[in-house]
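Using the numbering used here, read the sequence shown as starting at 181 and increasing by one per residue.
Note that CB positions come from ideal geometry on N, CA and C, so glycine has one too.
Structure, as C-alpha cells:
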Amino acid sequence: MTEQDRFWRVKLDARLHDPIEKPLILMRTAEGHEGGTTRALRDQLGLHPLDPAARTAVKTADHWAAAMDRAAFPNRNEDGRYPNWQQVRFHERPVIINPLTGAEYDLCTLSEVEPDQAASIALDHLRGLIHSDDPKRTALAFWRFGPNIEAPEIRSLWPLLPADSRMPDHTIFDHLDLTSALAGAFSIDPDDGPALLAVSLGPVQDFIAAARSTSDLWAGSHLLARLSWEAMRVICDELGPEAILFPRLRGIPQVDWWLSRDCRLNESLFSAAGWRKNPTDSNPLFAAALPNRFTALVPANRARELAERITDQVRAFALEKAQAAWRKLLAEAGVANNPEMPAHAQIREQLKGFPEVHWATVPWSLVGQDSSGKVDASDDRLRAAMQPYFESEPPGYLGTQAWKILSKTDGVELDKGWFWKPNPGTLYPALHELLDRTLAAAKSARPFGQSVQHGYRDSLTGESEWLTADRDQLALPPGQRNDTIWARVTTERPAWVKAGEHLDALGMLKRLWPTLFVDEVNEEPGLNVDRFVVSTHTMALATSMIGFIQRGGTVPEAIRNKVSDAPRTALPARLASELPGRSDADALFRLPGWLEHLDDRDREDERARAGKELEDVFGHDPEAYYALLLMDGDEMGRWMSAAREKTLTHRSSFHPQIRATLEQFKADPAFVKYADEPRAPNPARHMAISDALNNFAIRLAPAVVERHYGRVLYAGGDDLMAMLPLYELLPAMAGLRAAFSGTTYPSRSEAADDEGFQRQGNGFVVHGKQLLRTMGDQASASCGVVVAHHKAPLGAVLRELRRAEKRAKTEGGRDAFSLTVVKRSGGALGLTAKFGRALARLIQLRDFLAEPGVSRRAVYN
C-alpha cells in the first residue's frame, strides 16, 4: 500500500466512524450507531484492519472534532456514561437549531422512518458512490455527495440532520468533514499534529473597480475568485476539500467541475448539475462565488511548504493566462509571436508579485498535553504566543469564564457531576484568535517592490506601461498609435479592445478573461457555452420593454423592418425567457442593438428619429437610466470571530428537552455560569456562516435579481453587485435584504410575489424544495445604489457606488441603503435610510406612479 493510499483510507475510515443516518437510529438499534452501515461499508472498502497508528489518528480526530464543535455537559454516572436526562431521542422530537440565531426549526416527527429503513437508504446511497479500488475518488465522492440523498421519507432535510441530538446546531456532515480533515493531518504528522493555515489574496477592490464595461466588472471579480480556487486547489489535491474549513466548498460549481474533470468522479453524479446544461454566461461556472481568504486545517509539518506552493501556483496561473491572452491578441492582429518581443518581459515584470499572497499558520503543538492527551493547563506556550496581541491577561479565549470552568483554573468544581477534562480540540477558539491576529500582522508588514516604467501608461489605471511589440511605440502620444497591436485588434475585436485603448498586463488579462474562461469551459465534452453581456444601455431600455410587454403591446411592422439587420442583443434572463412565442420576439431582441449601433456611429438625426418612433410605441421616452447595486454584509468579521453581540450562549444550542431538564442544575452556579457563557467561534459556526453565504450568493441572490429582470455581475458570499432596470430596483432591494437574513421583509411583494424562495422567518428558507440555512434575523446587510444614465462613464458610476455603500454603513448606521441618482444634466440626488419603513413607502410610491392615468410629471409635482 502506498503512502497516498494509506492517507485516503485513513480519511475514509474517519468519515465512516459515524453513520450519516445516526440521528434516525440512535438508541433504536441493538448494534448501536457504530455497527450496521459503518461496519458494512468498512468491510466492503477493506478498511479492516487499519494499522494501530491509523486507528489512533481516527479516534483522536473524532474526540477533537467533538470538542471543537460541542459544548460540555456534566457527567453524573460513575461509569462516565451519559445520564438519562441527556439522552434525546431525535426521531421523536426532531428539532434543529440555527447556530447563528438560536432559532429552532421543528421537523415535526420522523418516527415513521424506521431505523432499518434509514440505514438501508444510507447504505445503498453510499455504496453507489464507491469508486472501486480508488480510495481517493471514493473519499471525494462521499464528501461531495454524501448529503445528496433522495429520500422522500424525510424530504430534503437529510443534509441538516444533527451530529449530536443534544446540540442540534451542527450537522452530521459537519462532524464527519472535521473528523476526516483532522485524521488526515494526524496520519501525516502524528508528532506535531494539525495546524491552522490562513491565506489571503489581493488586491481586491482596486482590481475590480478598474473597469470600463459590465464585462470588465464581471471579469475582475471572477478572475479573483478563480485565483482563490487555484490557491485552495493545492490543499484540496493534497488533503481533500474538507481540509478547507472556511469557505465551505461543497456544492460550489468550480469545485464540482474540478471533481468531474480533474478527479474523474463518475459522470453520472453530475448529470443534473446546472453547469452541465446552461449554454450562456448565467451558467453557474460563471459565478464568482469564492472569497479571497480561506482557512485550512493542515499537517503542522507541511504548513509552510503548502503556503509557499500556494503562492507559486496562483502567480504561475496568472502569468500563464496573461501570456495566453497576449498570444490571442497577436493572432487577431496577424502578428507572429516572438519570444524576444518586449511584451513578454513586460508581462513578467508587471505580474511579479501578483496576486499578493499573505499567509499565517498556528500549530496545535502550542497546546500543552498531559500523558493522556488532555490539555495541560499549566503549559504556558499558547498563552505566551497570544499575549502580544491582547491587552487582557489571560489573553482572549483563555481568559473567558467558560475556559476557566472547563480547565478548572478558577478552582470551581461542579456540585453535580463533572466535566470531561478538555482535549486540545477545545482550544480551537484560542488558536483561531491567534491565527487572525498573526495574519493581520503579516498583511501590515508586506514589502513593496519598486518597478521602473517608461513611456505612456495603460488606459485603465495609468500605473504601468501598455504592452508593446516595439518599445519605440511607448513614446507615441495617443493620437499617433495607428499601427500598434492594440490599434489593429480594435478593428477586428472591439469587444477586446475599445478605440484608443492600450492596456498593461493586468488590464489585458481582465479584458480577455471572459474569452479565456469560455475557451477553457468549452474544452469540457458536451459543453458549448457562449459569452453574453447585458449592456448598461440594454438594462436601461429593459424598463420600457417590460412595461410595454406587460401592457400587451406589439412592435409595429415598420419598426420590425428597421431593426431586422441589427445584432441580436443579450437581454436580462427573465425578459429573454418571456419572448419566445411572440410574433415580435426577434425585433425585441434586436431593438437595443439597433439603438446602440446608431449611438456608436454618431448618427444623431437617425437616433433622434428612432427615439421619437419608440416614444410612440412605448407611450413615453425610452428609459435611458439603469441602476447599479452593491450589497455587503455588515460586520462579517465580528460574526466570524463570534464577538459577544454576534454569538449566543451555550444554553441556546441545546435541544429544547435538554434546556428544560437543565432546571435541575439551577443550584449549581458553576454549570449555570458555563451554560450562560457566550459560545466561542468553532468550525461548525464557520461552516454555518459559509453555508449561509453560499446559499445567498449561489441560490437566493440570483433568484431575486433575475425575478426582477436584473443581472448579477458578481456574488461572492456577502458581497453582491447587480444591475437592474429602474422599475424593479426597489422591490429587488427589499428581496435581497430579506434573502440575506432569511426573514420576511416589509414590501409591496411581501405576500403576493414569489422571490424564488419561501421565507421561514427564523434563519431558514425553502428554495427548490431544499431547506437552507441563512444568516438569520440578527445579521444585516447594507446597500449602495446608483441610478445613472447608460452613457455615463462606468468608472465614475462605480466610484459613486462605493461612496453610496460607505454612506449606508456610516451615515445610515448599517442595515441601511443609500440611493444616489446621478443626473446626466449635472448634479445628484440622494437618500440614505434604514431598511424597513422607508423602503416600503418608496415601493408604495412607485406603485402609485405606475398606475394607469397617473402622469409621469406627478413625481415632480
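Integer-rounded CB distance, given that residue j should sit under 8 Å from residue i
{"i": "W151", "j": "L470", "result": "Past the edges of the chain, shown from 181 to 1041, lies residue 151, and the structure says nothing about it."}
{"i": "T218", "j": "H197", "result": "7 Å"}
{"i": "I1042", "j": "F474", "result": "With the chain covering 181 to 1041 only, the question about residue 1042 has no answer from this structure."}
{"i": "D616", "j": "S821", "result": "7 Å"}
{"i": "W598", "j": "P836", "result": "Not really, about 25 Å apart at Cβ, beyond 8 Å."}
{"i": "L465", "j": "V238", "result": "35 Å between Cβ atoms; not a contact."}
{"i": "R678", "j": "T670", "result": "Residue 678 is actually Lys in this sequence, not Arg. With a Cβ gap of about 7 Å, K678 and T670 count as contacting."}
{"i": "G533", "j": "N472", "result": "Wrong, their Cβ atoms sit about 16 Å apart, outside the cutoff."}
Inter-residue spacing [alpha-carbon to alpha-carbon] between residue i and residue j
{"i": "R208", "j": "S291", "result": "11 Å"}
{"i": "A932", "j": "L755", "result": "Confidence in A932 is poor, its pLDDT being 32 and thus under 50, which makes the residue's placement too unreliable to answer from."}
{"i": "K457", "j": "L586", "result": "53 Å"}
{"i": "F937", "j": "K508", "result": "43 Å"}
{"i": "P602", "j": "H612", "result": "17 Å"}
{"i": "A902", "j": "N328", "result": "30 Å"}
{"i": "S929", "j": "L429", "result": "Only weak support is given to the placement of S929: the predicted model assigns it a pLDDT of 43, under 50, and the question is left unresolved by the model."}
{"i": "G226", "j": "A220", "result": "10 Å"}
{"i": "T240", "j": "D814", "result": "37 Å"}
{"i": "P694", "j": "F387", "result": "16 Å"}
{"i": "I1023", "j": "F187", "result": "58 Å"}
{"i": "L510", "j": "E681", "result": "16 Å"}
{"i": "E536", "j": "L778", "result": "43 Å"}
{"i": "P604", "j": "D357", "result": "18 Å"}
{"i": "T1047", "j": "D764", "result": "There is no way to answer for residue 1047, as the model of the chain reaches only from 181 to 1041."}
{"i": "L707", "j": "K623", "result": "40 Å"}
{"i": "A487", "j": "A860", "result": "27 Å"}
{"i": "A872", "j": "P279", "result": "11 Å"}
{"i": "A452", "j": "R979", "result": "40 Å"}
{"i": "H969", "j": "A283", "result": "44 Å"}
{"i": "A881", "j": "M867", "result": "19 Å"}
{"i": "G431", "j": "L340", "result": "15 Å"}
{"i": "R824", "j": "E857", "result": "10 Å"}
{"i": "F426", "j": "A667", "result": "45 Å"}
{"i": "L192", "j": "V714", "result": "46 Å"}
{"i": "R865", "j": "M955", "result": "11 Å"}
{"i": "H674", "j": "E512", "result": "The sequence shown places Pro at residue 674, rather than the His named in the question. Approximately 11 Å, taken between the alpha carbons."}
{"i": "I665", "j": "Q653", "result": "10 Å"}
{"i": "M412", "j": "L477", "result": "12 Å"}
{"i": "Y569", "j": "N481", "result": "24 Å"}
{"i": "A984", "j": "G897", "result": "20 Å"}
beta-carbon residue i near the ligand SAM non-hydrogen atom, thresh 7 Å
{"i": "L309", "result": "Of ligands this structure carries none, so the ligand SAM is not represented either."}
Among the options, nearest to residue i - alpha-carbon criterion
{"i": "T606", "options": "L510, N862, G1007 and S551", "result": "N862"}
{"i": "A914", "options": "S960, A872, G897 and L893", "result": "S960"}
{"i": "T827", "options": "P836, Q837 and M816", "result": "M816"}
{"i": "T723", "options": "A540, G943 and A807", "result": "A807"}
{"i": "I739", "options": "F466, R762 and L768", "result": "L768"}
{"i": "E485", "options": "P421, P882, H311 and A540", "result": "A540"}
For residue i: DSSP bridge partner residues
{"i": "K1014", "result": "A996"}
{"i": "N255", "result": "W598"}
{"i": "S380", "result": "R473 and H538"}
{"i": "I424", "result": "A476"}
{"i": "P543", "result": "A375"}
{"i": "G964", "result": "L810 and S998"}
{"i": "M903", "result": "L808 and R891"}
{"i": "E645", "result": "R637"}
{"i": "P199", "result": "Note: P199 sits in no beta bridge, so no partner."}
{"i": "T829", "result": "P858"}
{"i": "Y285", "result": "I276"}
{"i": "L951", "result": "V946"}
{"i": "G896", "result": "D899"}
Given 8 Å, three or more beta-carbon pairs between the segment 190-204 and the segment 344-356 | Contact between the segment 190-204 and the segment 344-356 is present, because at least three Cβ pairs lie under 8 Å.
* Would you call the segment 997-1012 and the segment 958-971 touching, i.e. three or more CB-CB distances under 8 Å? -> yes
Stretch-stretch touch, CB-based, cutoff 8 Å, three pairs: the segment 290-305 with the segment 260-274
yes
Is the segment 797-811 touching the segment 719-733 in the sense that three or more CB pairs, one from each, lie closer than 8 Å?
-> A contact exists between the segment 719-733 and the segment 797-811.
### Task
Pair every Cβ in the segment 748-763 with every Cβ in the segment 707-720, then say whether three or more of these pairs are closer than 8 Å.
yes
Cβ contact (3+ pairs, closer than 8 Å) linking the segment 907-921 and the segment 882-890 | yes
(message) Count Cβ pairs between the segment 427-447 and the segment 517-530 that sit closer than 8 Å; are there 3 or more?
(response) Too few Cβ pairs lie closer than 8 Å, so no.
Is it a yes or a no for the segment 873-882 touching the segment 917-926, going by three-plus beta-carbon pairs under 8 Å?
yes
task = Spell out a yes or no on whether the segment 671-687 and the segment 629-647 are touching, meaning 3 or more CB-CB pairs, one atom from each, closer than 8 Å.
result = yes
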